[in-house]
Amino acid sequence: MKFKFLLILLLTSCVSELNKTISKSTYASSGFAYIYNESDYINKITSKKFKNDQLIIAHNRLKVGKLIKVTNPKNNKFIVLKIKKKANYPEFYQILITEAVAHKLKLEESLPFVEIQEIKKNKSFIAEKTETFEEERKVVNKVPVTGVKIDNLSKTKKISKSKTVNFSIIIAHFYSSDSAFFLKQRIIKEMPNFNNKKILIRKKKKNSFQLISGPYNTVNSLKNDYIILKRNGFEELDVELNEKNK
27 MKFKFLLILL LTSCVSELNK TISKSTYASS GFAYIYNESD YINKITSKKF
77 KNDQLIIAHN RLKVGKLIKV TNPKNNKFIV LKIKKKANYP EFYQILITEA
127 VAHKLKLEES LPFVEIQEIK KNKSFIAEKT ETFEEERKVV NKVPVTGVKI
177 DNLSKTKKIS KSKTVNFSII IAHFYSSDSA FFLKQRIIKE MPNFNNKKIL
227 IRKKKKNSFQ LISGPYNTVN SLKNDYIILK RNGFEELDVE LNEKNK
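Here it is, written out as structure tokens:
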């Protein structure tokens, strides 16, 4: 594909300006998790079959056995697991997880946004053993009833403000605004079916710029542009979740 070749050429020529703080040996990304369903394998939505009551993660590019930390940034709950299988799943998603993992992280089924990071094998991080919902129930049943604290319902409680949510696609990182601007112009020229009005350059700090697309107020509008970028050669895309009080 013509644009994919141009993208590779650009990124190769700008290696010295790419963000060198990101280790090539460490994978990190953010976006939506694909929560496995029992019918997915039968309907060929996924290429592998999984036991949904076990804590299992799969990826379409990372090697089996890699240690991955999956975090729900909305509540900071995380789990560290080894990639069980390499599997294909819908390209919009960053990782495949079972229902057991989604339950553990308390993910919203309609908005399963996660951050994923490869973990170096050391004493600081230990992969959790595979558990089942039944085993979790046994633990809960063993908790003694004594010592349970009952809140005084007569006390006035603060009402948390509702938040609006939108998303951005992080297309690439650069050391110079010129390189970011060059890629932006190439996208506008070579991808007429992409919503170019949403593309902008964001300065993070000195010598750190991001080319992003957004904001998107719905997952469907985000998904459309995300897939267009993927199919035009952009492999390392991240999704950013933005929350604001109403």
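For the sequence shown, the working numbering begins at 27 and goes up steadily by one.
C-beta atoms are modelled at their ideal positions from N, C-alpha and C, and glycine is treated no differently.
Model, not experiment: these values are computed from the prediction.
query, result
"L263 versus G57 - alpha carbon distance", "9 Å"
"Distance, L81 Cα to Y67 Cα", "17 Å"
"C-alpha distance - E125 paired with S234, whole-angstrom precision", "38 Å"
"From K74, F76, A128 and L133, residue whose alpha carbon lies closest to that of K100", "L133"
"When K92, L137, Q143 and E117 are compared against K256, the one with the closest alpha-carbon", "E117"
"Three-state class that DSSP yields for N268 in the structure shown", "strand"
"Distance, S205 Cα to K111 Cα", "37 Å"
"Span separating the alpha-carbon of Y242 from that of I94", "28 Å"
"Residue burial classification, N114 (beta-carbon count within 10 angstroms, cutoff 16)", "exposed"
"Bounding residues of the beta strand (DSSP E) (the contiguous stretch that carries L107)", "K103 to K112"
"Supposed contact pair S194 and E266 - C-beta distance, whole angstroms, cut 8 Å", "4 Å"
"Spatial distance of F200 from K223 (CA atoms)", "20 Å"
"Residue from K92, T97, N258 and V96 with nearest C-alpha to N219", "N258"
"DSSP bridge partner residues for R228 (one or two, in chain order)", "Q236"
"Pairwise C-alpha distance: S136 and K168", "With a pLDDT of only 43 at K168, under 50, the local geometry of the prediction cannot be trusted, and no value is derived from it."
"Cβ pair I83, I109 closer than 8 Å", "yes"
"Buried versus exposed, by CB contacts within 10 Å (16 or more), V127", "buried"
"Reduced DSSP category for I68 - H, G, I as helix; E, B as strand; rest coil", "coil"
"For K89, three-class secondary structure by DSSP", "coil"
"Pair within 8 Å by beta-carbon distance, L122 and Y62", "yes"
"Paired residues, beta bridge with V96 - DSSP", "I105 and I142"
"Residue range of the unbroken alpha helix (DSSP H) whose run includes K208", "Looking at the sequence provided, one finds Phe at residue 208 rather than Lys. Looking at the DSSP string, the run of the alpha helix (DSSP H) that includes F208 is S203 to E216."
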